[in-house]
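Residue numbers for the sequence shown follow numbering that gives the first Met the number 0, so the first one is 0 and each next one is one higher.
Note that CB positions come from ideal geometry on N, CA and C, so glycine has one too.
These numbers were taken from a predicted model, which means no experiment stands behind them.
Shown next, in structure tokens, is the structure this report addresses.
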Amino acid sequence: MQSQSIAGKQTLSVLVISVMLAACSPSSETTKDISLQTIAPDSLKLYVFNCGDFQFPSVRAFGIDDEETPVRTLVVPCYVIDHPDGTLLWDGGLPSAVADQAGWQTDQQSGVKTRLQKTLQEQLDSLDLGFDLASIDYAAFSHIHYDHVGVANELSGATWLVQQGDYDVVMAENSTVPAFDPALVSALKERPTKVINGDYDVFGDKSVRLISAPGHTPGHQVLYVELAEKGPLVLSGDLYHFRISRDQRRVPQFNVNRERSLAAMAKVEALVESSGADFWIQHDAALFETLTLAPGFYQ
Ligand SMILES: [Zn+2]
């Protein structure tokens, strides 16, 4: 406890000095940077889980020629943020039912293969981290595609944090958004819900922020997390699927709005630049290989 309180004071001192320096500076650039600084709670933890894998016969649907990248396998992660004021699930992985069959399952129409080796609930049961799906306080999905809301109906105690655009899709009788399966999110309609228009500070201390980034779906968002040791981190949602998508700003053919997608990329890249945040392309399997999975965590 002693070292935590000292670390907290040091963080506070850095902030106070930074603000004083900003006050002395006529540069609006400096002032803008300062507004991004936060006091990250020392006990904030980020857990990473494998919530499935994909194999694609072609990557053309992502706006990439097959010759441009050898990558055909994507990972599907889930994340839990354990904050002193509650737990937040960020993205819900492939549908838990995918785990009913061992190994890869092939969609006959598209040739896309999916695999879920262990459901998130099974992982939480075996790891004993102090929370499970029923006790998670907040659920936020980057968007409502089926590979991001797989456990949505199992979050019986959560408040759903959702951008207006995706909320409207879920509540609509007939939706034309591709890769959206209404049955996977049906229980969310009965949950306490916070509908958001724009960016949202989840715990009120700026440490965990939903950043509106529409275009992939009408209410797509990314997550900004401020960790005491690791520093700021942005989780991409599906702003990009491949590294080349980010390098060359490629927009998938199935995004609902190309112009808004490009604007979202510009907005998030500006946030990454000004905050100095690390940036994780969530579906990047090569990156995922290097991450610390639960029960390890980032703080
Ligand atoms: Zn996805």
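Please confirm whether any heavy atom of ligand 1 lies closer than 7 Å to the CB of residue i.
i       : result
Asp-283 : no
Kindly indicate which three-state DSSP category residue i falls into: helix, strand or coil?
i       : result
Pro-231 : strand
Leu-128 : coil
Lys-266 : helix
Arg-71  : coil
Tyr-166 : helix
Phe-48  : strand
Pro-83  : coil
Phe-61  : helix
Glu-310 : With the chain covering only 0 through 298, there is no way to say anything about residue 310.
Leu-154 : coil
Ala-178 : coil
Lys-193 : strand
Glu-288 : helix
Arg-248 : coil
Val-200 : In the sequence on display, residue 200 carries Asp and not Val. Asp-200: strand per DSSP, three-state reduction.
Ala-138 : strand
Asp-99  : helix
Lys-188 : helix
Leu-43  : coil
Val-271 : helix
Glu-172 : coil
Ile-210 : strand
Leu-261 : helix
Leu-183 : helix
Looking at ligand 3, does it come within less than 7 Å of residue i, judged from the CB to the closest heavy atom?
i       : result
Leu-209 : Questions concerning ligand 3 fall outside what the structure shown contains, since the ligands it does hold are ligand 1.
Taking all protein chains shown into account, do 16 or more other C-beta atoms lie within 10 angstroms of the C-beta of residue i, making it buried, or fewer, making it exposed?
i       : result
Asn-196 : exposed
Asn-49  : buried
Arg-114 : buried
Asp-246 : exposed
Glu-121 : exposed
Trp-89  : buried
Trp-103 : exposed
Ser-27  : Reliability of the predicted coordinates at Ser-27 is poor, the pLDDT of 38 falling under 50, and the value obtained from them is presented with this limitation in mind. Label assigned to Ser-27: exposed.
Gln-162 : buried
Leu-106 : Checking the displayed sequence, the identity of residue 106 turns out to be Asp instead of Leu. Label assigned to Asp-106: exposed.
Gly-92  : buried
Thr-216 : buried
Asp-42  : Reading the sequence as shown, one finds Ser at residue 42 and not Asp. Exposed.
Asn-173 : exposed
Ser-244 : buried
When the distance is taken between beta carbons, is residue j closer than 8 Å to residue i?
i       : j       : result
Ala-151 : Tyr-137 : no
Val-74  : His-282 : yes
Leu-123 : Tyr-297 : no
Phe-278 : Val-233 : yes
His-82  : Phe-202 : yes
Thr-72  : Asp-52  : yes
Leu-292 : Val-47  : yes
Ser-260 : Gly-295 : no
Tyr-166 : Pro-94  : no
Leu-154 : Leu-128 : no
Gly-62  : His-142 : no
Ala-276 : Pro-231 : yes
Val-207 : Val-267 : no
Leu-183 : Ala-139 : no
Ala-262 : Leu-238 : no
Ala-98  : Lys-112 : no
Lys-280 : Arg-249 : It should be pointed out that residue 280 corresponds to Ile in this sequence rather than to Lys. Cβ distance not < 8 Å, so Ile-280 and Arg-249 don't count as in contact.
Ala-101 : Pro-251 : no
Closer than 8 Å, CB to CB, is residue i near chain B or not?
i       : result
Ser-109 : Considering every chain present, this structure includes no chain B. It has just one protein chain.
>> Considering only heavy atoms of ligand 1 and the C-beta of each residue, which residues fall inside 5 Å, strictly closer?
In response: Asp-146, Asp-237
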